[in-house]
Amino acid sequence: MGNKNPKQFVYNSDSVDGNYYHKGRDFSQVNVESCSNLSKRSFDSTSSYRTANSNFSISVSKQCFRLSRRSVYRFQQLSSSPYESRKTQWPVPQVESCFLPEFSVIGSSDQEKYKIIEEISSGSFSRVYKVLKSDSNEIFALKVISKSKVISENLIYQVKDEVKIQKLCGHHPFIVSSLFCWQNKRKLFIVSNFIEGGELYKLLLDYGALPISLVKLFVAQIAIVLDFLHNAGIIYRDLKPENILLDSDGNIQLIDFGLSKILSYGTTTSTVCGTPQYMGMN
1 MGNKNPKQFV YNSDSVDGNY YHKGRDFSQV NVESCSNLSK RSFDSTSSYR
51 TANSNFSISV SKQCFRLSRR SVYRFQQLSS SPYESRKTQW PVPQVESCFL
101 PEFSVIGSSD QEKYKIIEEI SSGSFSRVYK VLKSDSNEIF ALKVISKSKV
151 ISENLIYQVK DEVKIQKLCG HHPFIVSSLF CWQNKRKLFI VSNFIEGGEL
201 YKLLLDYGAL PISLVKLFVA QIAIVLDFLH NAGIIYRDLK PENILLDSDG
251 NIQLIDFGLS KILSYGTTTS TVCGTPQYMG MN
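Under the UniProt record's numbering, the residues of the sequence shown are numbered 1 to 282, in order.
Structural data, given as structure tokens:
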């Protein structure tokens, strides 16, 4: 009953318009060794398996990676493991990618190294803590910023510029440097040196009018650091006693570059920003 002709699996190298049509080979003629090799399935690179007549080739695999927030080490790990390299690497969530590369993504174990001692100050969308790094017993200042508030206020580039400027100019003796930055799903973190002397604002509250000699010193140091920033193409735009810290030697340390901006030579900005109490109003 039915078709009595045996089924055939045909192969040939004849082609028409770039398409190959295979004829004239019984399935039983396929080399057994090629089938056993095919079962091994090389995952290292694109591989071909040919029959005894070399007319038949099969492409087994092709390497393909998607960009993700995973580190170079992880990428190399996947590359060295043929089975791991086939796992889907999902695209980076936008809430993370918009803060890259300034704010990297690290593991929870690295975040837990910083133990909060006390809160130093707080702002509209950030808080600053005095923290202890457990593996080195060093004291740092940790600024924690809410992602949701940054995004809702359209301040993404402003936060990224803050980190860029602090890393670019942190070598100056009167500027607090940004040492390390990272992010998680909801927060941004900026680690900087802890300045023991506190704010100039607190000094003014405690002692009122300062000696003329001390005022001259502070004004000279402020002028030096602002001149340095201007020569680097950076405008600070938020100078106030709360943003000037005093180190153990009594020298100023400029912090909080959230309103600072990098400008190319000859350009201007039309943005009105700063703290109203300290802005000159006509």
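A virtual CB, placed ideally from N, CA and C, is assigned to each residue, including glycine.
Residue i in three-state terms, based on DSSP
i, result
"residue 125", "coil"
"residue 132", "strand"
"residue 159", "helix"
"residue 255", "coil"
"residue 114", "strand"
"residue 235", "strand"
"residue 106", "coil"
Pairwise C-alpha distance: residue j and residue i
i, j, result
"residue 121", "residue 129", "7 Å"
"residue 243", "residue 197", "13 Å"
"residue 140", "residue 266", "38 Å"
"residue 151", "residue 189", "15 Å"
"residue 110", "residue 181", "12 Å"
"residue 183", "residue 95", "10 Å"
"residue 132", "residue 179", "14 Å"
"residue 126", "residue 222", "25 Å"
"residue 171", "residue 225", "11 Å"
"residue 212", "residue 104", "45 Å"
"residue 136", "residue 118", "18 Å"
"residue 277", "residue 239", "11 Å"
"residue 145", "residue 187", "6 Å"
"residue 273", "residue 155", "13 Å"
"residue 201", "residue 254", "13 Å"
Continuous alpha helix (DSSP H) stretch holding residue i: start and end
i, result
"residue 221", "212-231"
"residue 203", "200-207"
"residue 97", "94-97"
The beta strand (DSSP E) enclosing residue i, as first and last residue numbers
i, result
"residue 272", "Taken as a continuous stretch (DSSP letters only), residue 272 belongs to no beta strand (DSSP E), as it is neither H nor E."
"residue 143", "138-146"
"residue 263", "Run containing residue 263: none; DSSP gives neither H nor E here."
"residue 192", "187-193"
"residue 178", "178-183"
"residue 245", "244-246"
Neighbour-count burial assignment, residue i, 16 or more Cβ in a 10 Å radius
i, result
"residue 264", "exposed"
"residue 205", "exposed"
"residue 149", "exposed"
"residue 147", "buried"
"residue 143", "buried"
"residue 160", "buried"
"residue 258", "buried"
"residue 234", "buried"
"residue 116", "exposed"
"residue 157", "exposed"
"residue 316", "As displayed, the chain neither begins before 1 nor continues past 282, which places residue 316 out of reach and without an answer."
Proximity test, residue i beta-carbon vs the ligand SAM heavy atom, cut-off 7 Å
i, result
"residue 96", "The ligand content of the structure shown is nil, which means the ligand SAM is not present either."
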